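Just so we're on the same page, my numbering is the position in the sequence shown counted from 1, plus 75.
Glycine included, each C-beta is placed from N, C-alpha and C at the ideal position.
Everything numeric in this text was worked out from a predicted model, so none of it was measured.
Only one structure is covered here, and it is reproduced in the block below.
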Amino acid sequence: MKAVIFDFDGTIVDTESMWFEGFKELLDERFQIELPLDIFAKCVGTTDETLFQYIESQTGTAVNPQELSQTVRDRFSEKLTKLELREGVRELLEEIKQLGYVIGLASSSSKEWVERFLIQFELMDYFSVIKTKEDVLRVKPDPALYQKALEELQIEPAEAVAIEDSVNGSMAAIDAGMKCVVIPNQVTSFLNFHEKTIRFESFADFNFSKICG
């Protein structure tokens, strides 16, 4: 193995749980409808299209995705100071660096969003390459983000492992020909992942020997 490529949202920082709470509160207040976790989880690691289809099916009317997302984003911004790195992430990044592997990042989010947090938590220097939605035509579960990262790193898929938290992200990694480690968060922990994934319940449990064996 030569490289480790991380997902961002829900993997490095658990933004997914906060997004879920934000949309759940908004839908209850504005439309008096519930947002089941299994519906929201379908959007984790990819676009929010499924979420807005669900809202329209429940309300019977068209909604403005941009307006709803911005409303949740505004609420989200008030809570940004409460966000923390997932426990063990920094230690794992340092271990990977000390082992001599190159580190990349592949996220379906925007570059501005990702780099904002990497700078905030002083993680930018760990990553040799960062690929975001601006770099591809289709985000995860399409494998393009991982393919772009591998191409820039000049590393073959079999020589790299992806670290993900979502089904969409894990399928992108698998379809790119990579090994995939899943470390779910509270939004994705109930999901069933592909049999090719290697699952750890926390970063503290991460075991390189199990991946490389």
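Spatially closest choice to residue i from the options, by CA coordinates
i      : options                        : result
PHE281 : LEU266, VAL257, PHE265         : VAL257
ARG161 : MET246, VAL88, LEU174, VAL147  : VAL88
THR362 : ARG213, PHE275, ARG274         : Since the first residue of the chain shown is 76 and the last is 288, residue 362 is not available in this structure.
PHE278 : GLY163, LYS77, GLU142          : GLY163
SER264 : LYS157, LEU110, GLU239         : GLU239
GLY85  : PHE151, GLN145, GLU187, VAL262 : VAL262
SER132 : GLN229, ILE114, ALA247         : ILE114
LEU225 : LYS208, ALA251, ALA116, THR136 : ALA251
VAL147 : LEU167, GLU166, GLU170, MET93  : MET93
PHE95  : ARG105, THR134, ALA116, LEU180 : ALA116
Residues near residue i in its chain [Cβ-Cβ closer than 8 Å; skip 5 each side]
i      : result
LYS172 : ILE178, TYR201
PHE106 : ILE130, GLN133, THR134
Beta-carbon proximity check, residue i vs residue j, cutoff 8 Å
i      : j      : result
VAL242 : ILE286 : no
LEU110 : PHE127 : no
SER152 : ASP123 : no
SER182 : ASP82  : yes
Whole-angstrom C-beta distance between residue j and residue i, which should lie under 8 Å
i      : j      : result
LEU102 : ILE130 : 7 Å
ASP210 : ALA247 : Wrong, their Cβ atoms sit about 13 Å apart, outside the cutoff.
SER184 : THR156 : With 8 Å as the limit, SER184 and THR156 do not qualify as a contact, their Cβ atoms being about 19 Å apart.
Residues of its chain near residue i, where Cβ-Cβ distance is below 7 Å and the 5 sequence neighbours each way are ignored
i      : result
PHE268 : VAL242, SER245, VAL257, ARG274
MET253 : TYR221, PRO232, ALA235, VAL236, ALA237
ARG150 : GLY97
Other residues of its chain near residue i: CB distance less than 6 Å, five sequence neighbours each side excluded
i      : result
PHE196 : LEU160
PHE27  : The structure shown has nothing for residue 27, since the chain only spans 76 to 288.
LEU168 : TYR201
inquiry  = Quick check for students: name the residue ranges of the alpha helix (DSSP H) that lie wholly in the stretch 78 to 106, counting only runs of 4 or more.
reply    = 90 to 106
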